[in-house]
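In what follows, a structure is listed as structure tokens, so that the remarks can point back to it.
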DNA sequence: TACGAAATGGAACGTCGTTCCATTCATCGC
DNA sequence: GCGATGAATGGAACGACGTTCCATTTCGTA
């Protein structure tokens, strides 16, 4: 009687959307390593095999999950005062997203050409011509921005992998700082010289500074 | 009688150096996914358990392998005409290394603070003060450079993962280009506009262009 | 020559992604 | 109304992996 061929078999029927939603919950609660087809099946009260009817494999699952949260993050952008501010805003929004959900950064760095990656390129590229970048350099400039942002994402995700429990970032920094301080001064004079800056730096500010460096470089092209 | 406690039991005795060497061979020949403790044991004509006497785990093995090839690559640097040329040379040497051995890029992006990562920061940092970067910004500048370089490394490694057989890079680009051309013009106007640049770009030139953007930005700080 | 520690290598464990397949259920032609 | 068809399900099973365990061998030393 019902015309929809996809009429649900039960109220809580499986669907790609529901699977991705559950996957995101697991990733947010317990991180990268906790996303398992068994854990996912358990949370959805089904078998692991059933999931494969809706999702090709684990990579596709992570791609869909990353695309979901990235699209949502990028959509939240109001209009900025200047093209430069617009690009900064996109970068910082992505930084904050990956700071909160490191698994996005890890996956994005591993598979850059997924839908989420395209959305990032598009969001970065729009304000670009207004910034004054010559049109023939646009490809090089967006990819440079994306490379930097995704690189920072990967490293942030790597940092987050060791110490998940909350306020231990300072301890981690202190540990790295003492490790650097113990380095051979003959082989690592430069690192020894910036130990203090390293110990006191703020990740978000560091990211913003690097982004500004690229933007300054772009402005010299105009 | 012999004073060395570590005297080899046989001529082809196991050692960390020999294990790392064999691991590098496997990685170079068959890529990331082929490095297995079983495959490694088979190549060394021993058991998987014996390897653990010399190496803590797989991460440590990859870290040692990456450190080996990165140190070797960085050591090959002659003196450059200018500090700017020196930094460009370090970047391009690393790009070529990772282009030839994508597994290095994949591991470096996943674990940035290993010995290899420190060597990269040191190599980038030395020419920096001569470039005119204010000393209080040195930390931000090196990490920005390293973030960009390691980001490009990760993406290059990701590209290499799909099509290992030699001269198919052009085909890959063409495939991505037609995919972009088929994108919804309403949602992706910018990407549609740079499809041609994307189809014709050269990876190494693109990398160099992004590096130059950052270096220009640094020079505005002086 | 006998002993203890370094070193070895193969078996075994637990977990993962994925495949397979018997079974269920809603739909559609008769 | 009623089987037939195919979408959808879920649990068992497969093969491979990283890692652990342990019986055994080998060597320096007493």
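Protein chains in written order, with our numbering: chain F, 1 to 222; chain D, 223 to 444.
We treat Cβ as the ideally placed atom computed from N, Cα and C, and that holds for glycine.
Fair warning: this is a prediction, and the values are worked out from it, not measured in the lab.
If residue i sits next to residue j, beta carbons under 8 Å apart, how far is it from one beta carbon to the other, in whole angstroms?
i                     : j                     : result
residue 30 (chain F)  : residue 37 (chain F)  : Not really, about 15 Å apart at Cβ, beyond 8 Å.
residue 364 (chain D) : residue 335 (chain D) : That belief does not hold up - the Cβ atoms of residue 364 (chain D) and residue 335 (chain D) are roughly 13 Å apart, past 8 Å.
residue 94 (chain F)  : residue 73 (chain F)  : 7 Å
How big is the Cα-Cα spacing for residue i and residue j?
i                     : j                     : result
residue 207 (chain F) : residue 152 (chain F) : 7 Å
residue 339 (chain D) : residue 198 (chain F) : 14 Å
residue 148 (chain F) : residue 318 (chain D) : 18 Å
residue 178 (chain F) : residue 330 (chain D) : 22 Å
residue 216 (chain D) : residue 215 (chain F) : No statement about residue 216 (chain D) is possible, as the shown extent of chain D runs from 223 to 444 and does not include it.
residue 378 (chain D) : residue 397 (chain D) : 17 Å
residue 129 (chain F) : residue 357 (chain D) : 33 Å
residue 186 (chain F) : residue 78 (chain F)  : 51 Å
residue 205 (chain F) : residue 46 (chain F)  : 45 Å
residue 412 (chain D) : residue 182 (chain F) : 49 Å
residue 28 (chain F)  : residue 34 (chain F)  : 10 Å
residue 203 (chain F) : residue 264 (chain D) : 44 Å
residue 313 (chain D) : residue 431 (chain D) : 11 Å
residue 298 (chain D) : residue 188 (chain F) : 17 Å
residue 394 (chain D) : residue 172 (chain F) : 41 Å
residue 406 (chain D) : residue 372 (chain D) : 32 Å
residue 57 (chain F)  : residue 279 (chain D) : 27 Å
Ignore the nearest five residues each way along the sequence and tell me which others in residue i's own chain have a CB closer than 6 Å to its CB.
i                     : result
residue 80 (chain F)  : 86, 89
residue 286 (chain D) : 242
residue 61 (chain F)  : 23, 55
residue 6 (chain F)   : Note that residue 6 (chain F) scores a pLDDT of 38, beneath 50, so its modelled location is shaky; the value from the coordinates is reported in the next line. None.
Taking the alpha carbon of residue i as the reference point, which residue from the options has its own alpha carbon closest?
i                     : options                    : result
residue 414 (chain D) : F:121, F:196, F:84         : F:121
residue 292 (chain D) : D:322, D:272, D:276        : D:322
residue 68 (chain F)  : F:115, F:82, F:102         : F:115
residue 248 (chain D) : D:324, D:425, D:272, D:424 : D:324
residue 254 (chain D) : D:299, D:327, D:263        : D:327
residue 281 (chain D) : F:184, F:200, F:158        : F:158
residue 13 (chain F)  : F:135, F:28, F:137, F:51   : F:51
residue 384 (chain D) : F:189, F:111, F:42, F:91   : F:111
residue 170 (chain F) : F:150, F:201, F:184        : F:201
Look at residue i and residue j and say whether their C-beta atoms are less than 8 Å apart.
i                     : j                     : result
residue 84 (chain F)  : residue 131 (chain F) : yes
residue 440 (chain D) : residue 213 (chain F) : yes
residue 402 (chain D) : residue 417 (chain D) : yes
residue 22 (chain F)  : residue 40 (chain F)  : yes
residue 154 (chain F) : residue 341 (chain D) : no
residue 276 (chain D) : residue 304 (chain D) : no
Take residue i and list the residues in its own chain whose beta-carbon comes closer than 8 Å to its own, dropping the five residues that flank it on each side.
i                     : result
residue 133 (chain F) : 141, 218, 221, 222
residue 360 (chain D) : 347, 350, 351
Apart from the five residues just before and just after residue i, which ones in its own chain have a Cβ nearer than 7 Å to its Cβ?
i                     : result
residue 98 (chain F)  : 104, 105, 153, 156, 157
residue 382 (chain D) : 324
residue 225 (chain D) : Because residue 225 (chain D) sits at a pLDDT of 35, beneath the cut-off of 50, its placement in the model cannot be relied upon, and the following sentence gives the value as read from the coordinates. Around residue 225 (chain D): no qualifying Cβ.
residue 66 (chain F)  : 104, 107, 108, 114, 116
residue 8 (chain F)   : Annotation note: pLDDT 46 at residue 8 (chain F) (below 50); position unreliable, coordinate value reported separately. Taken in chain order, the list of residues that qualify is empty.
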